[in-house]
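What follows is a set of notes on a single structure, which appears directly below.
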Amino acid sequence: MPVLLIADDHPLFREALRGVIGRVFPDAVIHEADQIPVLYDLVDSCPNADLLLLDLDMPGSFGLGPLGHLRNQHPQLPIVIVSAHEDALLIRRALDHGAMGFIPKSSDADTLGAALLHVMDGGTWEPDTGGAIIAATRGALPREPAMAANVRELTPQQFRVLQMVGAGLLNKQIAHELQISEATIKAHMTVVMRKLRVSNRTQAVLIAARLGLGTWRYGAIASNPRGEA
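To convert, count from 1 in the sequence shown and add 35; that's this note's numbering.
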């Protein structure tokens with residue numbers, strides 16, 4: 036029986052997704068998460084899950100960051116973005132980051148069901164945007180897919196540090212928020228710059244901004260943050 040994961044912070048939409056899944060996969064086992072730290076634990080506990088439906092606007096989520104991390108840590112897990120945002124460039128970037136599909140939340144149940152069947156059969160799914168995705172691809176930098184691949188090499192904690200640097204926080208502030216030492220923050224940024232193939236912090240932050248990966252916000256990390264020191 037297939038195992039599907041739903042990651043969305045809206046109970047009514049999770050219920051709607053369960054209904055569609057139950058219709059196309061009657062024997063499916065469904066697990067849910069309503070925030071990113073819970074999702075990370077859920078994926079770790081379900082290493083053989085068949086599909087993850089991921090909302091981009093969950094608590095603890097910053098742009099495409101969680102998608103990149105999950106693709107890096109669980110490359111065998113097919114991920115489909117289910118989002119209220121329908122921007123063509125965002126869709127293109129999600130696919131570049133390794134998503135197997137992008138389903139707008141405005142889609143009807145039949146479209147959602149067809150998308151699930153298609154992805155579970157090994158295909159990819161993207162909405163009909165009338166050529167806007169192709170146009171967005173032309174507007175992207177040629178190096179964006181390569182940059183996205185480099186970002187996927189970051190650990191969750193390294194990505195948090197990158198986001199917090201991008202938000203203008205000092206090493207001391209980041210260390211306080213993540214409950215680790217300033218020396219560890221510096222070590223993380225050294226590794227981040229090496230993985231992103233840049234020579235300074237500003238270049239690293241510009242890459243994250245260019246890829247639409249979002250920035251850190253106060254209150255986004257729980258008192259016991261999940262991630263490596």
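For every residue, glycine included, the Cβ atom is placed at its ideal position computed from N, Cα and C.
Item, Value
"Presumed contact (8 Å Cβ cut-off) between V200 and R236, rounded CB distance", "6 Å"
"Best match in A181, M135, E67 for proximity to H45 [C-alpha to C-alpha]", "E67"
"Whole-angstrom distance between F137 and M93, CA atom to CA atom", "16 Å"
"Pick from S141, S118, T146 that is closest to A134, judged by C-alpha positions", "S118"
"Beta bridge counterpart(s) of V38 as assigned by DSSP", "V64"
"For D62, the nearest candidate out of D85, N107, E217, G98 (CA to CA)", "D85"
"C-alpha gap between D122 and P162, whole angstroms", "11 Å"
"One or two residues paired with G136 in a DSSP bridge", "V115, W160"
"Spatial distance of D156 from E50 (CA atoms)", "23 Å"
"DSSP three-state assignment for L87, whether helix, strand or coil", "strand"
"CA-to-CA distance, L152 to D69, given in whole angstroms", "24 Å"
"Whole-number beta carbon distance between H109 and L91, since they are thought to touch under 8 Å", "That belief does not hold up - the Cβ atoms of L91 and H109 are roughly 17 Å apart, past 8 Å."
"Beta-carbon spacing of W160, A144 below 7 Å", "no"
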